[in-house]
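> Using the working numbering, the first residue of the sequence shown is number 49, and each one after it goes up by one. What follows is a structure written as structure tokens; I'll ask about it next.
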Amino acid sequence: MQYSRTVLKNTLERIGYDDVRLAGSAAEALDALTQRRADVVIADWVMPEMNGLELSTAIRRQDEEAGRYTAIILFAPKEEDKAMTQALHEGADDFLTKPIQDVQLAARIYAAGRIAMLQNRLMETSAALETANRLLEHQSTTDLITGLANQRALNQRLEALVLETQARGGGFCLALVSLDQQDEAQVSPFEDLSSEVLLGFAKRLRLAVRPTDLVARIAEEEFALLMHVHSPQDFNRDLFKRVLTSITRDGIQTSEGAVPILVSIGAHFHQSDQPLMTIRELMKQTRSNLDQARGQSGTRVVVT
């Protein structure tokens, strides 16, 4: 740097700055910023490896990747005023022409540091808000007891699949899965162990279908499955008998032992060459199938 680095360091320390690092080149400066951030970078416009404009661009690139803001002040002779104006457009915050006075330097550095502080605080606040929004979005589409999707998530995915099926072909299947009592005349065996039973059943149901299938809990003891089918010929209605066998093979293990369960499944398959159905109509048809399944003995599955 043509303006002596040692003189500059001494000046900065004299006006109250005690964390001053020196770099012998632009490359050293960029490396130092990678190791530890700085509020303000002061650099000469004329340097051996790259000029002030190139350094400003490189720092801004680093800032973007790291999610931070570094204020940049460039030193330049008066004849470089036009170039410095370009540097301001490319990312520099301020520039000083030589000779440099201590009072002027202190004022510019203070202003640049304040800009960096405010920008970084704003970026941190924005990042925190983004994280909070993602958390809220996750919570708004997640069943808090089982960790599965909820009714809202089901509706969103179902709406997307309806549109995709109409646009690209294929089909999808919506199924409602009801966790029923073994004997309607008795007190529900889930009364004291409901959370354990629901968690155990949710895990079992999740493992019984493909990872890409949506599994949701949409009521107290009612779940939903949503399956995308690329080709209608690939859809096998008997798959729900396999699912039923898998999830009812034995009781749900709880702290009080195995709790026997009774499950009913109603499903409806929709493909692109069929008349368009609304979400309400799809749910109504699927629920009608579930009601029929509940009235059956033996295999309680109805698929249309």
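Where a beta carbon is used, it is the ideal one built from N, C-alpha and C, also for glycine.
Excluding sequence positions up to five away, which residues of its chain have a Cβ less than 6 Å from the Cβ of R252?
Within the sequence shown, numbered from 1, the residue matching residue 252 stands at position 204. Within the same chain, R252 has close Cβ partners I295.
> Going by the DSSP bridge assignment, what does S312 pair with across the sheet?
Mapped onto the sequence shown, residue 312 falls at position 264. The partner list for S312 (beta bridge, DSSP) reads S226.
> If you draw a straight line from the C-alpha of D231 to the C-alpha of M171, how long is it?
As a position in the sequence shown, residue 231 is number 183, starting the count at 1. As a position in the sequence shown, residue 171 is number 123, starting the count at 1. Confidence at D231 is low in this model, with a pLDDT of 45, below 50, so its placement is unreliable and the value that follows should be read with caution. In a straight line, the C-alpha of D231 is about 59 Å away from that of M171.
> Secondary structure at T326, three-state DSSP: helix, strand or coil?
Along the sequence shown, one-based indexing puts residue 326 at 278. Reduced to three states, the DSSP call for T326 is coil.
> If I measure Cβ to Cβ from I148 and keep anything under 6 Å in the same chain, skipping five residues before and after, which residues do I get?
Taking the first residue of the sequence shown as position 1, residue 148 is located at position 100. Cβ within range, chain order: n/a, list empty.
> In whole angstroms, give me the CA-to-CA distance for L207 and I327.
Counting from one through the sequence shown, the residue named residue 207 turns up at place 159. Counting from one through the sequence shown, the residue named residue 327 turns up at place 279. The residue asked about is misnamed: residue 207 is Glu in this sequence, not Leu. Spanning the two alpha carbons is a distance of roughly 7 Å.
> The alpha helix (DSSP H) spanning G161 covers which residue range?
Numbered from 1 along the sequence shown, position 113 holds the residue referred to as residue 161. That run of the alpha helix (DSSP H) goes 150-188.
> Run the CB neighbour count on G343, radius 10 Å, all protein chains shown included, and call it buried at 16 or more, exposed below.
Working through the sequence shown from its first residue, we reach residue 343 at position 295. Exposed, since its Cβ has fewer than 16 Cβ neighbours within 10 Å.
> Can you tell me which of the three DSSP states T133 falls into?
The count along the sequence shown starts at 1 and reaches residue 133 at position 85. Here T133 sits in helix by DSSP.
> Distance check for F143 and A71, CA to CA, integer angstroms please.
Taking the first residue of the sequence shown as position 1, residue 71 is located at position 23. Taking the first residue of the sequence shown as position 1, residue 143 is located at position 95. Computed Cα separation, rounded: 19 Å.
> Measure from the C-beta of I63 to each C-beta in chain D and report whether the shortest distance is under 8 Å.
The structure shown contains no chain D; it holds only a single protein chain.
> With distances taken Cα to Cα, identify the nearest neighbour of K146 among T334, S52, Q110, L274.
Along the sequence shown, one-based indexing puts residue 146 at 98. Answer by Cα proximity: S52.
> Of the residues M325, G218, T293, K289, which one's Cα is nearest the Cα of D282?
Translated into positions along the sequence shown, residue 282 becomes position 234. Ranking the options by Cα distance to D282, first place goes to G218.
> Within its chain, find whatever has a CB closer than 7 Å to the CB of E97; leave out the 5 residues flanking it on each side and keep chain order.
For the purposes of this step, residue 97 is taken as the residue at position 49 of the sequence shown. So the list reads S73, A74, A75, once near-sequence residues are dropped.
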